[in-house]
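All remarks here apply to the structure that follows.
Numbering (the working numbering), first residue to last: 2 to 276.
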């Protein structure tokens, strides 16, 4: 398929339980034949909100890239599985591997720009991308991580307090938990059961960036006003220690919430992945 507006849509399934992940393939504007780019959105968002509405898909298509987007379980147009295992980071990484393989991604071969896959993650998507790159070094070529942190904010979420609040309105003392729950309730497409299941599953597999770090080139991007950006140098140092070439970029005036819409972010990502 060719053409800027050509989109292939399908439900992705893997062996075992059926997470019903909603996947879209967006063809490049010029059919350049470069390796595809996997986009991974953040918590309580979707591929449409993070990547389509903010202009990322258009920017990458115009750069000749084939794009793979996937809505995480319980997000966007994906299903909300009842089993907790479908929400674990390890299961989601396995789904990513199957998705990019189904989309035609092949192991990296030196000198062949059509092999491998590039990855862009944002917020929670950055955590998932970090681990995906670390476990798939023969497939992932380069990665761009937006709003990255050495700590996963979902790990500190007070699940019991959130459940009490939803049951009888008991106030939530922890500001971070209250903010994340409010965020999850803002979008009609979000399934609160799925949101809480995702948080519970993530708590079972804590994020430790030093345990398994990616080796491929990384671009770490954060808003200047993003509090999580304070740990970005530490994250860069971890990756560099494991042999990765790391670049960092702070976007002036931007926060964790709105850095994804930055033109400077898009331009830097397109340039970085174009190597």
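Here a beta-carbon is modelled for each residue, glycine too, at the ideal position from N, C-alpha and C.
The structure displayed is predicted, hence computed values, not measured ones.
When the Cα atoms are used, what is the spatial distance from residue i to residue j?
| i | j | result |
| --- | --- | --- |
| residue 103 | residue 240 | 29 Å |
| residue 48 | residue 262 | 13 Å |
| residue 122 | residue 133 | 10 Å |
| residue 215 | residue 243 | 7 Å |
| residue 34 | residue 148 | 29 Å |
| residue 265 | residue 118 | 22 Å |
| residue 105 | residue 236 | 31 Å |
| residue 43 | residue 92 | 17 Å |
| residue 2 | residue 90 | Residue placement at residue 2 cannot be trusted, given a pLDDT of 33 that sits under 50; what the coordinates show is reported in the next sentence. Taking the straight line joining both Cα atoms gives about 32 Å. |
| residue 187 | residue 96 | 27 Å |
| residue 233 | residue 40 | 20 Å |
| residue 246 | residue 218 | 5 Å |
| residue 140 | residue 81 | 28 Å |
| residue 158 | residue 206 | 14 Å |
| residue 101 | residue 177 | 33 Å |
| residue 31 | residue 94 | 30 Å |
What are the partner residues of residue i, as DSSP defines its beta bridges?
| i | result |
| --- | --- |
| residue 233 | Residue 233 pairs with nothing; no bridge assigned. |
| residue 147 | 123, 222 |
| residue 39 | 69, 120 |
| residue 141 | 118 |
| residue 201 | Residue 201 is not bridged to any residue. |
| residue 252 | 224 |
| residue 247 | 219 |
Within 10 Å of its beta-carbon, does residue i have 16 or more other beta-carbons around it, so buried, or fewer, so exposed?
| i | result |
| --- | --- |
| residue 254 | exposed |
| residue 54 | exposed |
| residue 1 | The structure shown has nothing for residue 1, since the chain only spans 2 to 276. |
| residue 112 | exposed |
| residue 114 | exposed |
| residue 64 | buried |
| residue 260 | buried |
| residue 231 | exposed |
| residue 276 | exposed |
| residue 29 | buried |
Compute the distance between the beta-carbons of residue i and residue j, then report whether it is under 8 Å.
| i | j | result |
| --- | --- | --- |
| residue 75 | residue 161 | no |
| residue 143 | residue 50 | no |
| residue 146 | residue 130 | yes |
| residue 169 | residue 208 | no |
| residue 163 | residue 204 | no |
| residue 66 | residue 108 | no |
| residue 252 | residue 225 | yes |
| residue 182 | residue 166 | yes |
| residue 151 | residue 210 | yes |
Spatial neighbours of residue i within its chain, please: C-beta separation below 6 Å, excluding the five flanking residues on both sides.
| i | result |
| --- | --- |
| residue 179 | 173 |
| residue 248 | 220 |
| residue 88 | 74, 198, 199, 202 |
| residue 250 | 222, 269 |
| residue 125 | 43, 44 |
Please list, in chain order, all residues of the same chain as residue i whose beta carbon is under 8 Å from its beta carbon, the five residues on each side excluded.
| i | result |
| --- | --- |
| residue 191 | 45, 75, 76, 185 |
| residue 79 | 20, 21, 22, 23, 71, 72, 73 |
Among residues of its own chain, excluding the 5 on either side of residue i, which ones have a beta-carbon nearer than 7 Å to its beta-carbon?
| i | result |
| --- | --- |
| residue 128 | 153, 208 |
| residue 61 | 38, 68, 271 |
| residue 52 | 40, 42, 58, 70 |
| residue 171 | 165 |
| residue 110 | 116 |
Answer yes or no: does any C-beta atom of chain D fall closer than 8 Å to that of residue i?
| i | result |
| --- | --- |
| residue 186 | This model lacks chain D altogether, as it is built from one protein chain only. |
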